[in-house]
Each structure stands twice: as structure tokens, then as C-alpha cells.
Amino acid sequence: MGKGEDRISNLPIEILHFILCLMPLKYAIRTSTLSKRWRHLWQINLISATTLQFGEDFSCNQSPKQFVTTLDRYLQLHGDRNLHKFGILFSPFDVFFPNFEKWVHTVVEKGVKELEIDLSQGILDNMDGRMSFVINNSLFNGNSLTNLILSRCNFSDPLDSANFVGLTSLSLDHVNLTDEILTNILDNCVSLEIVCLKRCYRLNMVKFVGDKLKLRKLVMVDFSVQDMEISAPHLESFVNHSSLPFGDGFYNVSNINDAYICSDGWAAGYYEPFETTLAQLSHIKVLTISSVCVATLLWEGTTSEGYPLELSNLQELQLVFDHLDDEPIFYLFTFFSVCPSPFLEKLFIKLTNNFEKDDTFLMTDEPDVVFENLSWIKITNFGGSPSELKMVKFLLKKAVMLESIFIVLIDQCDISNNSSSLKIIQGQLAVIPKASKDARIVICGPLDSDRTINPTHTTLYYQEKYRKGTTVHLNEHIFSLLDDQDFL
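In full-length UniProt numbering, the protein residues as written are 1 to 488.
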């Protein structure tokens with residue numbers, strides 16, 4: 001065998017087709033640059049594909065005009081074959097709306113079950129002056145859809161929800177969802193199990209009520225509605241990140257297992273207690289809560305007869321410090337003083353790195369608790385401030401069965417080069433006494449964070465990468481990976 005001989009390219013054509021069919025389409029297309037023999041082999045992958053996904057990695061390498069041409073040719077090559085999943089990230093310039101209508105109609109005709117339409121271009125606000133694409137009822141003349149994801153689209157009004165009766169999952173972001181449209185969907189889409197609503201600003205009331213509801217997961221992000229009512233006997237997971245007032249909106253939610261409750265309340269000059277809501281969720285096993293919400297617990301806990309409120313089933317807690325600049329130990333003490341959690345096993349503390357931590361410590365009584373079941377602790381964005389060190393000292397003193405505490409340092413601490421800041425933090429942590437003699441203190445950098453234990457709720461909606469997104473299709477001169485003559 002000669003040196004550098006390409007043995008794979010010399011395989012029979014049937015085997016090469018089989019290899020390409022096992023690859024995602026975007027990687028199969030890249031093989032066209034290997035040699036003349038590979039130039040058109042990827043098309044067999046496209047023809048047999050049941051999933052066509054044109055996401056950011058596809059969009060960012062082409063201008064809008066190139067994108068339209070490419071997608072037209074791909075759908076033409078795919079022919080009249082059935083399609084299970086179709087996803088697209090595209091710029092909603094109105095000049096391309098006819099093309100887009102044709103694509104949606106084509107994939108619906110193919111019996112697509114999972115459809116994702118993202119026209120946001122990575123821009124999450126609605127102030128750029130572009131028109132929104134309206135999904136006419138005529139585009140959905142079949143009822144094969146089970147999963148529908150829409151971003152920066154608008155429904156026809158009135159909506160003919162008969163086309164969506166088979167939906168089990170629905171996600172809407174920047175959609176003209178009104179109270180009437182939502183009621184229409186819930187009345188007719190009786191198989192819905194997952195609903196995600198983000199930035200649907202035309203809603204005045206969120207209402208999920210009914211013994212026949214099959215809803216298992218509900219996500220609500222960036223809301224400012226007037227009222228909320230949730231009575232869902234099968235609901236298992238609840239996520240709320242908004243300035244929505246907490247109150248008497250929960251009924252019949254005894255099956256909720258995990259809850260994410262974070263608020264922008266104080267940042268927006270808006271403050272509401274949520275004593276009743278937390279009482280309705282006191283049975284949950286997993287809780288993510290923000291520092292704003294913990295602060296409300298302090299005020300309520302000093303005046304309400306409902307506190308202390310024991311979370312007797314809580315096994316995992318994540319405290320998120322989103323934008324407040326007070327010391328984290330203040331909120332840690334507040335939570336466990338007001339909400340004792342005797343069976344807590346995992347504790348995650350997500351510190352913010354958006355402000356400089358100082359040496360000031362708010363005087364708060366240390367809660368009289370012992371963590372008899374706490375085995376794992378993870379503190380992220382740790383900078384070594386006095387308040388943070390006091391927090392670690394408190395946890396190591398109280399966690400009598402602790403196995404490991406993971407300290408994930410902020411970006412400024414260079415763990416790879418054994419920097420002076422790292423040595424100082426190592427020295428400070430090494431001298432802290434531990435109630436559990438076998439407890440490990442593991443220090444790692446941000447890149448190593450995911451190799452340790454992670455919380456149930458890994459998406460934190462306040463983060464910059466979520467709010468700003470990314471933009472595509474901005475440069476008409478970005479070259480395409482393949483010239484036009486390479487497609488056919």
C-alpha cells in the first residue's frame with residue numbers, strides 16, 4: 001500500500017453511500033470537497049434524509065439570496081419523500097416571504113411531524129422595524145404535526161387550530177399570542193404535554209386549567225401579564241422567569257416535581273411576594289430560585305404566619321444570583337432560615353460575575369441547621385471574596401455527610417498556569433475546617449465545570465447569550481462553502 005493512499009475513497013459506492021447516510025447532512029455535504037468521487041455522493045444522504053435542519057451553522061455561511069437558492073435545491077432533491085423533522089433559521093425579510101410560504105407548504109405536504117421555524121435572526125427584541133411573517137391557516141392543511149416551534153412569526157387571526165390537534169409540544173417566542181388564541185389552542189389541542197411561551201407580550205392572562213389537560217411541562221419566560229391561573233393535575237415541571245406577580249394562581253399542582261422560579265422584579269421596579277405559590281410547591285424535589293425571589297422570603301418570613309415553610313421533599317436546590325450585588329451568604333442564610341430543607345442532597349450556587357464583590361457583609365443570623373443528607377455542593381463563578389469564603393465555611397461546618405464541594409472559579413482566575421490568585425484561593429480553602437472528614441474540595445476552571453455534577457435546570461434565562469442571541473445573514477459577501485455548480 002502506497003504512503004497516503006486513500007483506502008476509504010476506494011471502497012465500493014454502496015458502502016460509501018451507507019457511510020454518508022449515517023452522517024448529519026451538513027457533514028455529508030462537506031465531503032464533496034474531498035475529491036471528484038465524493039463531489040456528488042452527499043446527495044444520497046439528502047435524498048434519504050428524514051430530518052432537514054438548516055440552523056445557524058448553515059445560515060451564517062450564506063447570504064439570504066444564497067440561502068434561498070440552496071434550500072430550494074435541497075427540497076427539490078428530496079423530492080416527494082416523507083419528512084419527519086424540518087428546522088430553519090432564516091431572516092424574515094418580506095421579499096422572501098413567498099419562498100418561505102412555499103417551503104412550509106412543501107414540508108407539511110411531506111407529512112412533517114416536527115417543525116421549527118425561527119425567524120428571529122438571533123435578535124430577541126421586536127424593535128428593528130421588520131415585518132413579521134404571518135402563518136396563514138391554509139399553509140397547514142394537514143394534522144400530522146406533533147412538535148411545533150415558532151419564533152418571530154404571527155398566527156392568522158382567527159386561528160384554525162384544527163390543523164394542530166395532534167400537537168404534543170408547542171413552543172412560541174415573539175408570537176402574536178392572545179388570550180383568545182391560547183384558549184383556542186388549549187381547547188382543541190388536547191394532547192399537548194409541553195408548552196413553552198417566551199416574550200408573547202399580547203397575552204393578558206395565562207390560564208391552564210382543566211382536568212383533561214395532559215400538560216407535563218410549562219415554561220414561561222419574559223412575561224408581564226395581568227393574572228395567572230394554573231390547575232394542571234399532570235404538570236411535572238414548571239419554569240417561570242419574568243416579572244409576573246406571584247400569588248394565588250396555583251391549584252391542583254401536586255405532581256410538580258421540579259420548579260424554576262426567577263424574577264426580574266426589582267430590576268424592573270416591580271416587587272411582589274409569592275408566599276402562596278411557594279406553599280403550593282412545598283412538595284417539590286428540585287428548585288431553582290433567584291436572589292430576587294429569596295429577598296422576598298426575607299420580608300415575608302418576618303411577618304407571615306406561613307413561615308418557616310419546610311420543603312420536606314427538596315433534594316436539589318439551585319440558588320441563582322442574577323443581577324443583585326449583595327453578598328451571597330446573606331441570601332443563603334435567608335433561604336435556609338425561612339425554608340428549612342432537611343433532606344437536601346445537592347446544592348448549586350450560581351454566583352454572578354457582573355459586579356465586583358466587596359468585603360461588606362450584611363448582618364444576618366446564621367440559621368440553626370445541620371445538613372444531614374447534603375452530599376454534593378457546586379459553587380460557580382467563585383472569586384474568593386470574604387463573603388464567599390464565609391459561605392464555604394458555613395457549608396463545610398454544617399454538611400456532616402458531604403462527599404465533594406466543587407469550586408468553579410471566575411474567568412479571571414487562571415487555573416492552568418497555577419496563578420497567584422489560584423494559590424491564594426487554594427490556601428484559603430485548605431484551612432477551613434470540615435464537619436465531614438472525607439469531604440473533597442475540588443477547584444476547577446470554567447471550562448471544566450461541565451465535567452462535574454450539574455443541576456437539573458441548566459438553562460438560566462437571565463444570561464447575556466440568551467438575551468442577545470446571535471445574528472446571521474448580515475453579510476451579503478460571505479462566501480458559500482459550495483459554488484452553485486457544485487450542487488447538481
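Glycine is no exception: its CB is placed at the ideal position from the N, C-alpha and C atoms.
- [ ] Report buried or exposed for Thr-458, applying the criterion of at least 16 other Cβ atoms within 10 angstroms of its Cβ.
- [x] exposed
TODO: Give me whichever residues DSSP pairs with Lys-85 in a beta bridge.
DONE: Thr-51 and Glu-114
Open item on the list: Among Val-370, Met-220 and Thr-452, whose alpha-carbon lies nearest the alpha-carbon of Leu-172?
Closed with: Met-220
Open item on the list: Quick check: the Cα distance between Lys-465 and Gln-428, rounded to an integer number of angstroms?
Closed with: Confidence at Lys-465 is low in this model, with a pLDDT of 44, below 50, so the placement of that residue should be treated as unreliable; the coordinate-derived value is given next. If you take the alpha carbons of Lys-465 and Gln-428, they lie about 33 Å apart.
Task: The beta strand (DSSP E) enclosing His-241, as first and last residue numbers - done: 237–242
Open item on the list: Assuming contact is defined by CB atoms lying nearer than 8 Å, are Ile-441 and Ile-410 in contact in what I supplied?
Closed with: no
Task: Lys-65 classed as buried or exposed, judged by whether at least 16 other C-beta atoms fall within 10 angstroms - done: exposed
Task: Where the beta strand (DSSP E) containing Phe-223 begins and where it ends - done: It is not in any beta strand (DSSP E) - Phe-223 carries neither H nor E in the DSSP assignment.
- [ ] Report buried or exposed for Gln-62, applying the criterion of at least 16 other Cβ atoms within 10 angstroms of its Cβ.
- [x] buried
Open item on the list: Contact between the region 189–205 and the region 221–232 is defined here as three or more beta-carbon pairs at a separation below 8 Å; is this criterion met?
Closed with: yes
Task: Residue closest to Arg-152, alpha-carbon to alpha-carbon, out of Phe-133, Tyr-74 and Ala-162 - done: Phe-133
Task: Cutoff 7 Å; reference Lys-393; Cβ partners in own chain excluding five residues on either side - done: Ile-432
- [ ] Look at the alpha carbon of Asp-80 and the alpha carbon of Lys-102, and state the distance between them as a whole number of angstroms.
- [x] 14 Å
- [ ] Give me the Cα-Cα distance between Ile-261 and Asn-82, rounded to the nearest whole angstrom.
- [x] 41 Å
Open item on the list: So if DSSP puts Lys-398 in a beta bridge, which residue, or which two residues, is it bridged to?
Closed with: BP columns for Lys-398 are empty, so no partner.
Task: Same chain, Cβ closer than 7 Å to Pro-340, neighbours up to 5 away in sequence not counted - done: Pro-308, Glu-310 and Val-369
TODO: Could you check which residue in Phe-321, Tyr-462, Leu-317 and His-174 has the C-alpha nearest to that of Asn-257?
DONE: Leu-317
Open item on the list: Which residue wins for smallest C-alpha separation from Lys-350, given the options Glu-327, Phe-343, Val-206 and Asp-365?
Closed with: Glu-327
Open item on the list: Restricting to Cα atoms, I'd like to know which of Phe-371, Asn-373, Glu-372 and Leu-389 is closest to Ile-379.
Closed with: Leu-389
- [ ] Whole angstroms is fine: what's the gap from Thr-51's alpha carbon to Leu-159's?
- [x] 27 Å
TODO: Over the uninterrupted alpha helix (DSSP H) stretch that includes Ala-430, give me the two end residues.
DONE: 420–430
Open item on the list: Please state the DSSP three-state secondary structure of Asp-448.
Closed with: helix
- [ ] Compute the Euclidean distance between the alpha carbons of Ser-138 and Glu-275, then round it to the nearest angstrom.
- [x] 46 Å
TODO: Pull up the distance between the alpha-carbon of Asn-373 and that of Phe-164, whole angstroms please.
DONE: 46 Å
Task: Closest Cα partner of Phe-333 within the set Ser-375, Pro-386 and Leu-395 - done: Leu-395
Open item on the list: From the DSSP secondary-structure annotation, give me the bridge partner or partners of Val-286.
Closed with: Asp-258 and Glu-316
- [ ] Take Glu-229 and list the residues in its own chain whose beta-carbon comes closer than 7 Å to its own, dropping the five residues that flank it on each side.
- [x] Lys-207, Val-209 and Gly-249
Open item on the list: Determine whether the beta carbon atoms of Phe-343 and Leu-314 lie at a separation below 8 Å.
Closed with: yes
Open item on the list: I'd like the span of the alpha helix (DSSP H) that includes Ile-453, first residue to last.
Closed with: Careful: Ile-453 lies outside any alpha helix (DSSP H) and carries neither H nor E.
TODO: Would you kindly check if the distance between the Cβ of Lys-113 and the Cβ of Ser-144 is under 8 Å?
DONE: yes
- [ ] Give me the Cα-Cα distance between Ile-289 and Val-320, rounded to the nearest whole angstrom.
- [x] 6 Å
- [ ] Answer yes or no: do Cys-293 and Ser-312 have a C-beta to C-beta separation smaller than 8 Å?
- [x] no
Open item on the list: Please report the distance separating the alpha-carbon of Leu-481 from that of Leu-447.
Closed with: With a pLDDT of 31 at Leu-481, under the threshold of 50, the predicted position of this residue should be treated as unreliable, though the coordinate-derived value follows. Taking the straight line from one Cα to the other gives about 30 Å.
- [ ] For Ile-284, verify whether its CB is less than 7 Å away from any heavy atom of the ligand ADP.
- [x] This structure simply doesn't include the ligand ADP, nor any ligand for that matter.
Task: Backbone CA spacing between Cys-444 and Phe-100 [nearest angstrom] - done: 47 Å
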